[in-house]
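Undergrad: Once you've had a glance at the structure underneath, I'll fire off some questions.
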Ligand code: SDX
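In full-length UniProt numbering, the protein residues as written are 1 to 373.
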């Protein structure tokens with residue numbers, strides 16, 4: 001018997017089961033395969049967490065050695081992909097470049113019609129940072145820097161972007177953000193990937209759909225919008241008046257609120273600590289005063305808490321990344337969650353096709369005479 005109630009935005013609707021993560025609104029907590037995300041972010045590398053999300057277990061030494069060898073060997077982009085990146089207009093947003101590159105990599109992958117598998121997931125994880133870094137270099141009029149197989153995933157991204165690796169404290173903050181962004185249940189972009197997979201389409205098409213969904217400012221695009229907002233406000237003393245004016249204009253304050261978490265995003269404390277460490281390392285006291293002032297204004301006026309995008313945006317800024325790279329970095333991490341859900345959907349598939357309640361004109365006959373033109 002169909003459920004005829006309308007659940008706009010599928011809010012509160014349990015669409016399927018998943019064994020990958022638990023986003024628990026009651027306790028405002030998040031676990032990946034049973035492990036609390038804040039503990040993983042403090043103690044594990046992104047490579048270890050990717051293995052966990054995909055396979056269900058943290059890797060032992062042998063598994064980690066084998067996986068990191070495959071990931072490092074799979075980072076380089078071939079000449080035709082680098083040529084494609086050079087031809088995409090620089091006016092295109094880096095998320096559009098990334099979406100285009102994924103489509104191209106899919107068209108170029110003979111396995112594309114085989115359906116999703118772990119090898120494809122690993123190859124996507126390995127190559128995405130190379131695409132994001134090469135795009136960043138060309139926007140600065142620089143040639144791409146080839147990946148360095150002697151470096152870990154997080155360090156190598158800094159190397160390909162800037163030609164150098166920052167101190168371990170900065171790398172650790174970046175790695176924590178990758179762990180925190182990796183997976184989050186049936187969020188909009190993951191659900192988009194599952195919808196595409198449910199038709200038995202291919203993984204590249206599913207990931208392309210997910211990138212399109214994540215780009216939106218109500219979703220992953222918020223981490224960039226947070227930085228634009230902080231830059232627009234400028235100083236802490238202007239925060240309250242700016243927030244009041246924005247709320248009066250019914251604007252959404254980016255980086256605040258969440259569909260599931262109602263008393264605070266479980267990932268924020270860990271990312272906030274990483275942001276504080278970055279601010280101390282960069283002497284960004286003014287930015288942190290502004291950051292705190294906006295947070296206070298939102299708590300006072302709307303009772304809304306920050307989500308992960310609020311601390312992540314300024315942290316990426318302090319790491320030296322251009323603002324339009326923030327959501328592509330989110331993709332570099334969430335490719336693990338997306339592909340884990342693609343594999344899970346594929347393994348126990350049912351076509352995702354909800355119902356709709358009709359609200360158009362009542363049934364009527366087509367007029368006998370065509371209207372005169
Ligand atoms: C991510 O789903 C996930 O898990 C996503 C994510 C992940 O890891 O995959 O966590 C990543 O996308 C985090 C969210 C990033 N987006 C933003 O920061 C954009 C700003 N946030 C809002 O747009 C909003 O909070 C949402 C979209 C995140 C959630 O919105 P809901 O659950 O659909 O709630 P709603 O839009 O119905 O808002 C309820 C009320 C409204 O007031 P009324 O119009 O009913 O009077 O709260 C208000 C909203 O206006 N509100 C806000 C607000 N968020 C909610 N008002 C101002 N600023 C905000 N940020």
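Heads up, the beta-carbon is just placed ideally off N, CA and C, and yes, glycines get one too.
Can you tell me which of the three DSSP states residue 226 falls into?
TA: Residue state, collapsed to three classes: helix.
Undergrad: Could you check where the beta strand (DSSP E) with residue 24 kicks off and where it finishes?
TA: 21-24
Undergrad: Given this structure, state the Cα-to-Cα distance separating residue 259 from residue 104, to the nearest angstrom.
TA: 33 Å
Undergrad: Starting from the Cα of residue 156, find the closest Cα among 332, 349, 362, 355 and give me that residue.
TA: 332
Undergrad: Whole angstroms are fine: how far does the CA of residue 247 sit from the CA of residue 122?
TA: Rounded to whole angstroms, residue 122 to residue 247 spans 43 Å at the Cα level.
Undergrad: Do residue 143 and residue 136 come within 8 Å of each other at the CB atom, strictly closer than that value?
TA: no
Undergrad: Would you check whether the ligand SDX has a heavy atom nearer than 7 Å to the C-beta of residue 259?
TA: Yes.
Undergrad: Taking DSSP as the reference, what is the three-state secondary structure of residue 29?
TA: Correct three-state label for residue 29: strand.
Undergrad: What separation, rounded to the nearest whole angstrom, lies between the Cα atoms of residue 237 and residue 252?
TA: 20 Å
Undergrad: From residue 88 to residue 325, what distance separates their C-alpha atoms?
TA: 16 Å
Undergrad: Note the first and the last residue of the continuous alpha helix (DSSP H) segment covering residue 329.
TA: 326-347
Undergrad: Is any non-hydrogen atom of the ligand SDX found closer than 7 Å to the C-beta of residue 253, if you look at the structure I gave you?
TA: yes
Undergrad: My understanding is that residue 182 touches residue 337, with C-beta atoms under 8 Å, so please give their C-beta distance in whole angstroms.
TA: 5 Å
Undergrad: I need the DSSP call for residue 147, collapsed to helix, strand or coil.
TA: coil
Undergrad: Straight-line CA distance for residue 24 to residue 30?
TA: 6 Å
Undergrad: Check this for me: beta carbons of residue 63 and residue 51, under 8 Å apart or not?
TA: The criterion of a C-beta distance shorter than 8 Å is satisfied by residue 63 and residue 51.
Undergrad: Leaving aside the five residues before and after residue 282 along the sequence, list all residues of the same chain whose C-beta is less than 6 Å from its C-beta, in chain order.
TA: 318
Undergrad: Let me make sure I understand the geometry here. Which of 185, 127, 265, 186 has the alpha-carbon closest to that of residue 160?
TA: For the residues 185, 127, 265, 186, the minimum Cα distance to residue 160 belongs to 127.
Undergrad: Once you ignore the five residues that flank residue 255 on each side, which residues in its own chain have a CB closer than 7 Å to its CB?
TA: Cβ neighbours of residue 255 beyond the five flanking positions: 222, 226, 306, 307, 309, 310, 313.
Undergrad: Please identify the residue among 190, 199, 70, 32 whose C-alpha is closest to the C-alpha of residue 19.
TA: Ranking the options by Cα distance to residue 19, first place goes to 32.
Undergrad: Any idea what DSSP makes of residue 35, helix, strand or coil?
TA: strand
Undergrad: Between residue 224 and residue 100, is the Cβ-Cβ spacing less than 8 Å?
TA: no
Undergrad: Can the beta-carbon of residue 197 be found less than 8 Å from the beta-carbon of residue 345?
TA: yes
Undergrad: Do you know how far the Cα of residue 288 is from the Cα of residue 73?
TA: Answer to the nearest angstrom: the Cα atoms are 39 Å apart.
Undergrad: Can you tell me which of the three DSSP states residue 362 falls into?
TA: coil
Undergrad: Does DSSP classify residue 166 as helix, strand or coil?
TA: Here residue 166 sits in coil by DSSP.
Undergrad: What residue from 140, 141, 158, 139 has the CA that sits closest to residue 147's CA?
TA: 158
Undergrad: In or out: residue 187 buried (at least 16 other Cβ within 10 Å) or exposed?
TA: buried
Undergrad: Which same chain residues, not among the five before or five after residue 154, have their C-beta less than 8 Å away from its C-beta?
TA: 45, 46, 171, 174, 175, 178
Undergrad: Do you know how far the Cα of residue 217 is from the Cα of residue 3?
TA: 31 Å
Undergrad: Count the other CB atoms within 10 Å of the CB of residue 77; is the residue buried (16 or more) or exposed (fewer)?
TA: buried
Undergrad: For residue 269, name the three-state secondary structure that DSSP assigns.
TA: helix
Undergrad: Note down the Cα distance separating residue 118 from residue 162, rounded to an integer number of angstroms.
TA: 30 Å
Undergrad: Between the C-alpha atoms of residue 249 and residue 350, what's the straight-line distance to the nearest angstrom?
TA: Those two C-alpha atoms are separated by around 42 Å.
Undergrad: Looking only at C-alpha atoms, which of 27, 240, 212 sits nearest to residue 94?
TA: 212
Undergrad: Beta carbon of residue 339, beta carbon of residue 116: below 8 Å?
TA: Closer than 8 Å, so yes.
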